[in-house]
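If you count the sequence shown from 1, position 64 lands on 119 in our numbering, and the numbers rise without skipping.
For every residue, glycine included, the Cβ atom is placed at its ideal position computed from N, Cα and C.
Keep in mind it's a predicted model, so treat the numbers as computed, not measured.
What follows is a single structure, written as structure tokens, with notes after it.
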Amino acid sequence: MFTNPDLIHAYTRADMLEDGELIDVTEVGREAGFTVPVALTRSVWADCVEWSAADNARKHACQDEAGRLWDVVYMARVYGARNAKGCRAVFPVYR
């Protein structure tokens, strides 16, 4: 199919982790039941995991990033297992 001379540019998972475009959450993923490495994009982290004291005040809720990370990764595993035949599992995350 393609050989190295055919490639113009390759941007790997390792490159994305180094650049900060991916955030490695494999440890939490393993605790949640994943058997493969798990990473979130920076935009997913900002939208679904990132949480501050201002967010607590605005939402009248007491949450933190560690708890939100667990919820996102665990629900990804649950929804992924439910949709094992597909390559995509969509699930809600409340902010």
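Where in the stretch 91-127 do unbroken runs of the beta strand (DSSP E), each at least 3 residues long, occur, reported from the N-terminal end onward?
94-96
Give the single residue among Ala131, Asp110, Ala94 whose Cα lies nearest to the Cα of Glu73.
For the purposes of this step, residue 73 is identified with residue 18 of the sequence shown, where counting begins at 1. Nearest C-alpha to Glu73: Ala94.
In or out: Arg68 buried (at least 16 other Cβ within 10 Å) or exposed?
Walking along the sequence shown from the start, residue 68 turns up at place 13. So Arg68 ends up on the exposed side.
Which listed residue (Asp61, Trp100, Ala136) has its alpha carbon closest to that of Val80:
If you number the sequence shown from 1, residue 80 lands on position 25. The option with the nearest alpha carbon to Val80 is Trp100.
Looking only at DSSP bridge pairs, what is Ile78 linked to?
Residue numbering aside, residue 78 sits at position 23 when the sequence shown is read from its first letter. Leu95, per the DSSP bridge assignment.
Mind checking whether Val104 and Arg85 have CB atoms under 8 Å apart?
Indexing the sequence shown from 1 puts residue 104 at position 49. Indexing the sequence shown from 1 puts residue 85 at position 30. Taking 8 Å as the Cβ cut-off, Val104 and Arg85 do not qualify as a contacting pair.
For my contact list, Tyr134 and Phe146 are in at a C-beta cut-off of 8 Å; report their separation, rounded to the angstrom.
Along the sequence shown, read from residue 1 onward, the residue named residue 134 stands at position 79. Along the sequence shown, read from residue 1 onward, the residue named residue 146 stands at position 91. With a Cβ gap of about 4 Å, Tyr134 and Phe146 count as contacting.
Is the CB-CB distance between Ala131 and Ala144 below 8 Å?
One-based indexing of the sequence shown puts residue 131 at position 76. One-based indexing of the sequence shown puts residue 144 at position 89. Their beta carbons are under 8 Å apart, which means Ala131 touches Ala144 by this criterion.
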